[in-house]
Amino acid sequence: MPSPELPPIIGHRGAAAAAPENTLAGLRAAHRLGARWVEFDVKLSQDGVPILMHDDRLNRTTNGRGKVAKLPMAALAELDAGAWFGPQFTGERIPTFEQALDLCAELGLGINVELKPCPGRADETTRRALAVLRERWPQGLPLPLISSFEHRCLALAAELAPELPRGYLCGRLARNWPAELARYGCQTLHASARWVRQSQIAAVQAAGVPLLLYTVNEPGPAQALLRAGATSLFTDRISEVGAVAAGHGPERLAG
Ligand code: G3P
Ligand code: MG
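Mapping the sequence shown onto our numbering, position 141 (from 1) lands on 303, and the numbers just tick up by one.
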């Protein structure tokens, strides 16, 4: 599979300002709004099915209550994951990772798969998600980029699927980021835009490491970050932020 080209804008949780996050409707919206890549969060149902979901609890983004990890896939599949966002999305379901992969492949969307395990399920989440990826993601499409705040997921991914590029995901950029990248064999660095300083962006760029920043929803700051040398910005607002990304070409990851 070809190594991926990172675009300046990546749809966050699909297209989180336009459609319910981490749903198939959100992936379609991201594509319609012009995103070339999307990011989404993956965790497991109680019975081990990888699904798209950000929170450990169901309350915010579905009509369910309680912990995601307590419900088997059959029960999760009954929940509404769209009505909370708007009545036009009533009936939208929690997608399985498999469904999301199939749709992204069909739409030609590049993907950043953020492994976001429920507490205590890091290894199982990594194993199951990678197994699905291996089985479903078509040969010939650019490789998915795997990232996680749970760095043991990255270590296991390096072991199980060394061919897949990995992104080191963190909040504040730690001083020792080069060592951390090396430790987990990561090709990209993903950090919060909230705290990053221009000097840090310059240092990462000088090291030749793609820097991906979340979550940037205002065009002004987006333009400043791209000009400062950020490679990609995760955004909920694809059209608005995408408008300032013109002129910032995609960056190919070293294969
Ligand atoms: O992967 C980038 C970003 O999604 C990380 O934060 O909480 O939105 O998953 P969060
Ligand atoms: Mg995420």
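The beta carbon of each residue, even a glycine, is placed where N, CA and C say it ideally should be. Owing to the predicted nature of the structure, the values given are computational and were not obtained by experimental measurement.
Whole-Å CB distance - residue i paired with residue j, under 8 Å assumed
i: S401; j: L195; result: 5 Å
i: W199; j: G272; result: 4 Å
i: R334; j: Q349; result: That pair is no contact at about 21 Å.
i: R307; j: N274; result: The amino acid occupying residue 307 in the given sequence is Leu; Arg does not appear at that position. Contact flag correct, Cβ pair sits at about 5 Å.
i: P166; j: A407; result: So it is not a contact: roughly 17 Å between Cβ atoms.
i: L269; j: L186; result: Between L186 and L269 the Cβ distance is about 10 Å, and since that is not below 8 Å, they are no contact.
i: I172; j: A191; result: So it is not a contact: roughly 14 Å between Cβ atoms.
i: G282; j: A320; result: The pair is not a contact, with the Cβ atoms about 21 Å apart (cut-off 8 Å).
i: A344; j: C280; result: At roughly 29 Å, the Cβ-Cβ gap does not stay under 8 Å, so A344 and C280 are not in contact.
i: A369; j: P412; result: With a Cβ gap of about 19 Å, A369 and P412 do not count as contacting.
Beta-carbon proximity check, residue i vs residue j, cutoff 8 Å
i: L241; j: L265; result: no
i: L168; j: L415; result: yes
i: E276; j: V358; result: no
i: P304; j: A267; result: no
i: I363; j: L373; result: yes
i: H216; j: D398; result: no
i: A365; j: C315; result: no
i: R298; j: E260; result: yes
i: T258; j: P324; result: no
i: A243; j: I256; result: yes
i: L263; j: V294; result: yes
i: L235; j: D209; result: The residue you asked about is not Leu; residue 235 is Met in the sequence shown. In contact: M235 and D209 (Cβ atoms closer than 8 Å).
i: V371; j: A384; result: no
i: L387; j: A353; result: no
i: F202; j: G228; result: no
i: A336; j: F247; result: no
Paired residues, beta bridge with residue i - DSSP
i: K229; result: R219
i: A353; result: L375
i: I172; result: F396
i: R328; result: I308
i: L303; result: DSSP lists no partner for L303.
i: I213; result: K205 and T258
i: L277; result: V204
i: E167; result: R414
i: W199; result: G272
Per-residue burial, residue i [other beta carbons within 10 Å of its own, 16 or more giving buried]
i: T224; result: buried
i: S207; result: buried
i: S361; result: exposed
i: A179; result: buried
i: N338; result: exposed
i: P249; result: exposed
i: G253; result: exposed
i: G226; result: buried
i: A392; result: buried
Closer than 8 Å to chain D by CB, residue i
i: C348; result: Looking for chain D here will not work: only one protein chain is present.
>> Quick test of the definition: if touching needs 3 or more C-beta pairs under 8 Å, does the segment 378-388 touch the segment 283-291?
In response: Contact between the segment 378-388 and the segment 283-291 is absent, because fewer than three Cβ pairs lie under 8 Å.
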